[in-house]
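A short write-up of the structure that comes next.
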Amino acid sequence: MRLLKDQQRVAKEHFDTTIFLEGIAGTGKTTAAIERVKQLIRSGVATDSILVLVPQAALAIPYREALRRSRVATGGDIHTATIGSLAYQMVDLFFPLIADDIGFENPLDRPHFLSLELVQYYMTRFVEPEIEAHDYFNSVTISRSRLYTQIVDNLNKAALVRFDPQTIAERLKSAWRGDVEQGYIYDDAQISANLFREMCVRNNMLDFSLQVTLFVEFLWKLEQPRRYLMQQYKHLIVDNIEEDTPATHDILRDWLPHCESALLIYDSESGYRRFLGADPVDAYQLKKLCQTHIKLTKHRVMSSDIQAFQSEMARSLNQPAPKSPKNSDAREAIVYADNRYHPQMIDWAAENIASLVHSEGVNPAEIVVLAPYLPDALRFALQTRLNEHSVPNRSHRPSRALREEPAARTLLTLAKIAHPQWNIPASKYDIAYALTASIAQFDLVRARLLVDIVYRNRQLHPFEQISNEKVQERITFDLGNRYEQLRQWVDAYIQDEPLPLDAFFSKLFGEILSQPSFGFHDRYEAANTAANLIDSARRFRQTVNKIEPHLDTSPEYVAMVDKGVIANLYIRDWQLEKRDSVLIAPAYTFLLSNQPVEYQFWLNVGSSGWAQRVNQPLTHPYVLSRQWTEGRRWEDADEVAVNQETLANLALGLIRRCRKKVYLGFSEFGEQGYEQRGTLLMAVHSMLRRLRREEEHV
Amino acid sequence: MNLPEDFVFSPSSLQDYVDCPRRFQLKYLQRQRWPAAEVDEMLEFEKRMEQGQRFHQLVHQHLLGIPADTLTKHISDESVRQWFETYLKNGLTDMPKTRFPERTLTIPLGKYALLAKFDVVAIGDKAIIIDWKTSRKIPRREWLAKKLQTIVYRYVLAKGGSHLNKGQTIEPEQIEMRYWYAEHDGATLSFTYDKEQFATHEANLLHLVDEIDSRPDFPLTEDMPRCRFCTYRSLCDRGTQAGSLVDWDTMDTDDVDLADFEIDIDQIAEIEF
Ligand code: SF4
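These protein sequence lines are chains G and D, in that order. With my numbering, letter number 252 in the first sequence gets 259, and the count goes up by one each step, no holes. With my numbering, letter number 181 in the second sequence gets 350, and the count goes up by one each step, no holes.
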């Protein structure tokens, strides 16, 4: 793409100064920034002295891909980071310098970095008993895992906004003017956060919030780590600063005067990660510290009809509306369907997508399907329909948790049988299911028949012990033979010293399940699932055993999986992303990937979810922000204003990331069968009515 | 063409190809995981990886200026402590003073890129690449000379190391690749370099990349014993049991690739929507 004049200034000038670049989405800020990186390298700057800093890892992908594709001769690697990854690397490297000063009980021990999974585990293990004993949160009706996420989220906000974590409840309560119950909830959240933090300090455990705190409040104040970063990275490219937090902004305040060049990129009218501590107002103040200011105003993504749609929607959402281009028509940019029932809307979307792909030759990667939330049922229904139409598709997350994948269930069930000392029973159904997955061509009917006979006293007995020959024949001797191989392997394992769970899984996978004529042989997806489960179990053992060397982590892991605490995430890091496929994602996930497409399908347009901030009963992103005035109260009017702003930013943000057309899918009755009349739908209706009136008037 | 346009080669991916084309295909082209055991004593193997990783980290920290006694206080593993003491004794012998720990260089290689991650590069009149080894055995020199790591590291530094040398090209004759063995009181095996080797290596590497990119299939290795230590053995129908760690120790082998063992930072930092 040819760069416009202002983009060229960003790309080719000011290599010895600091630039503040602003503009709404789609004006080519990131494109210009990528070009700047290339020019920097061409001008002789060492590649590894350039740091691309972003609020979340996915936002660095366009940089990495573009630079890899370009044939710029690089001498090193472009480094990309988030505040979280910087904090992790710095703490990992420089921990010995601060170990004595941070109040840890065992300063000479190594720190243990906690994954999200382990945070949930330790919450369940140590904080949950306290919550239950004292009946905390008895009026809150969200799942335990979301409850823990929010307790930790408060600690994260304290670290990222930089306030004392002991003041979480005080801050939240001072702004609250509703029933007293909410005050108790905030107190409970404070107590739980304190308990969790104390536990971390006792055991050298570092969750995200402590990593950030150690980096920002301790390491960054020491000369050596600060010099290390400043000397290594002399050229900064900081994208989406409006989605980043005050901790990052403060680091930049110190860093900017010392770097050789910097480009700070501010996306106006965004702030989608506010509920994670993003602070666009704080970000904008960095402008003062930059020597050159550039604003991009020309859209490089939207067609003129889409621009007209943006203007008309802005009017309907009571936002300042840019002028529509000449000869443009908002209605040409949208396709609107009024369905009565939810499944009809899904059919409508799938048919239109299929027609775009198969009849009009649109690349599936240029299509996204978005909804405010993406429950499993909707995702599954969409994927099924798209598969029926032979449209390649992908979802930002698979529809099942890792522990529910057949391969993972199989491994877990066989682990229970192979470790009778755990006393964790497996049901007959689970065992039959595991046999069908373990042995090729074994169907569930015959597996159940077999299990009914051979599984007694929590043990698998030999096939030859089946006295009824007819039954043996029905199961077949071939399957019986392979069952015997598996059974004997398990038997031999039981006689030996037990292995840690991950090692057991690996051995079972390698020696039996993935061998020819067994169920995982040639089944690449099953192997990937097994690998993910093994990673999860290994990380669990390695960290937990360092903290509690005497705990038998294997049954603990299995029990926690059964309880739904761990193995929920499915990280498909090794798998090839199906790049040329339709993306199905929650609207915010798409927005934050910051990659425009030609066609968008918005589903459930009538849902009130488009205009609601994320439900967080234990926390409050606005009150725990640096912009909150002490002593102020959060009023109903604030909530209304925020919801309006949320909807406008979301809808307009999506439109600005669309090149050609938006398909608006609506069903009178939502998934639950209720009538749908959300604010977005009202805005669309009012826009259409107004356009019709204006046309009649003309 | 077999390779995606943004493919980046590394010494270990090239070594995998040379050892077994099928392994290269599974691991880097199909990116297929196959989580069987590499050796029979998995825990001992894992412990060695952790020790190796910890030692590398200590040296990195030391080269960044953290005092040795501060670091020593934090070492709990006896082997690692001894290795670190050996390093303090002779690990930096005659190393030029400008040292770059844990540096990655990427250079173009034909249509693709080639990456080398150095433990340390020290630059002065000479340019010394050091690779810290914690393996039990020192391999034969001839074996090590043929390793892609020995070839690629020197080639990449000669080709793309100028920015570590104030913009001046590093001449092949300046370069030395030095393997340093912690378990053997800091014994070293060194490989010098010259223009002739550089030209030969360049031609060979380009030829290798061409071959990988254009070959119609990726056959299984004929060197069957290799399969004992390869996790894909069941997929290739090359046996059931992992090879023994005792055998591993007697062979010419390398340290385990620590890159396979790195923690996924995003796992720690990301917050779910
Ligand atoms: S098992 Fe043997 S043939 Fe198969 S990939 Fe590994 S080394 Fe190659």
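C-beta: ideal position from N, C-alpha, C; glycine also.
Test: residue i CB closer than 9 Å to a CB of chain D
i, result
"G:R151", "no"
"G:L695", "no"
"G:E555", "no"
"G:S406", "Model confidence at G:S406 stands at a pLDDT of 49, short of 50, so the residue's coordinates are unreliable and nothing is read from them."
"G:G517", "yes"
"G:E755", "Residue numbering for chain G in the displayed model covers 8 to 705; residue 755 of chain G lies beyond these limits and cannot be assessed."
"G:Y531", "yes"
"G:H256", "no"
"G:G278", "no"
Check: residue i C-beta below 8 Å from any heavy atom of the ligand SF4
i, result
"D:D188", "yes"
"G:M320", "no"
"D:T390", "yes"
"D:M393", "yes"
"D:R202", "no"
"G:L154", "no"
"D:R384", "no"
"G:Y531", "no"
"G:C665", "no"
"D:T407", "Sequence check: residue 407 of chain D is Arg here, not Thr. Yes."
"D:L183", "no"
"D:L195", "yes"
"D:M404", "The displayed chain sequence assigns Leu, not Met, to residue 404 of chain D. Yes."
"D:R192", "yes"
"D:Y401", "yes"
"G:C266", "no"
Bridge partners - residue i, DSSP secondary structure assignment
i, result
"D:E345", "D:I297 and D:T361"
"G:M212", "G:H119"
"G:F525", "G:I446"
"G:W609", "G:L377 and G:L671"
"G:P593", "G:A378"
"G:N334", "In the DSSP output, where bridge partners are listed per residue, G:N334 has none listed."
"G:L74", "G:L74 is not bridged to any residue."
"G:E682", "G:F676"
"G:L540", "Answer by DSSP bridge pairing: none, since G:L540 is not bridged."
"G:W290", "As written in the sequence, residue 290 of chain G is Ala, which differs from the Trp given in the question. BP columns for G:A290 are empty, so no partner."
"D:D246", "Looking at the DSSP assignment, D:D246 forms no beta bridge with any residue, so it has no partner."
"G:D345", "G:F673"
"D:Y281", "D:L278"
Any C-beta of chain G under 9 Å from that of residue i
i, result
"D:T400", "yes"
"D:K266", "no"
"D:V177", "yes"
"D:M393", "no"
"D:Q184", "no"
"D:I235", "yes"
"D:P388", "no"
"D:G336", "yes"
"D:D300", "no"
"D:R272", "yes"
"D:M170", "no"
"D:S304", "no"
"D:K316", "no"
"D:R309", "no"
Contact set between residue i and chain A, taken where Cβ atoms lie within less than 8 Å
i, result
"D:G260", "The chain labelled as chain A is not found among the protein chains of the depicted structure, namely G and D."
Residue i Cβ short of 8 Å to the ligand MN heavy atom set
i, result
"D:L198", "The model depicted lacks the ligand MN and carries the ligand SF4 instead."
Three CB pairs or more closer than 8 Å across the segment 340-360 of chain D and the segment 299-307 of chain D: yes
Answer yes if the segment 303-319 of chain G comes into contact with the segment 271-288 of chain G, meaning at least three C-beta pairs across the two stretches below 8 Å, and no otherwise. No, the segment 271-288 of chain G does not touch the segment 303-319 of chain G.
Could you tell me which uninterrupted alpha helix (DSSP H) segments, each at least 4 residues in length, are contained entirely in the segment 427-511 of chain G, listed from first to last along the chain? 435-445, 451-461, 476-482 and 484-502
Report yes or no: do three or more beta-carbon pairs, one from the segment 520-533 of chain G and one from the segment 432-452 of chain G, lie closer than 8 Å? yes
Three or more beta-carbon pairs under 8 Å between the segment 138-152 of chain G and the segment 175-195 of chain G, yes or no? Judged by Cβ distances under 8 Å, the segment 138-152 of chain G makes contact with the segment 175-195 of chain G, as three or more pairs qualify.
Segment contact flag, the segment 596-614 of chain G with the segment 667-685 of chain G, C-beta cutoff 8 Å, min 3 pairs: yes
Would you call the segment 233-248 of chain D and the segment 330-347 of chain D touching, i.e. three or more CB-CB distances under 8 Å? no
Beta strand (DSSP E) runs wholly inside the segment 201-268 of chain G, at least 3 long, in chain order: 242-245
4-residue-minimum alpha helix (DSSP H) runs that sit fully inside the segment 143-200 of chain G, ordered along the chain: 151-164 and 175-181
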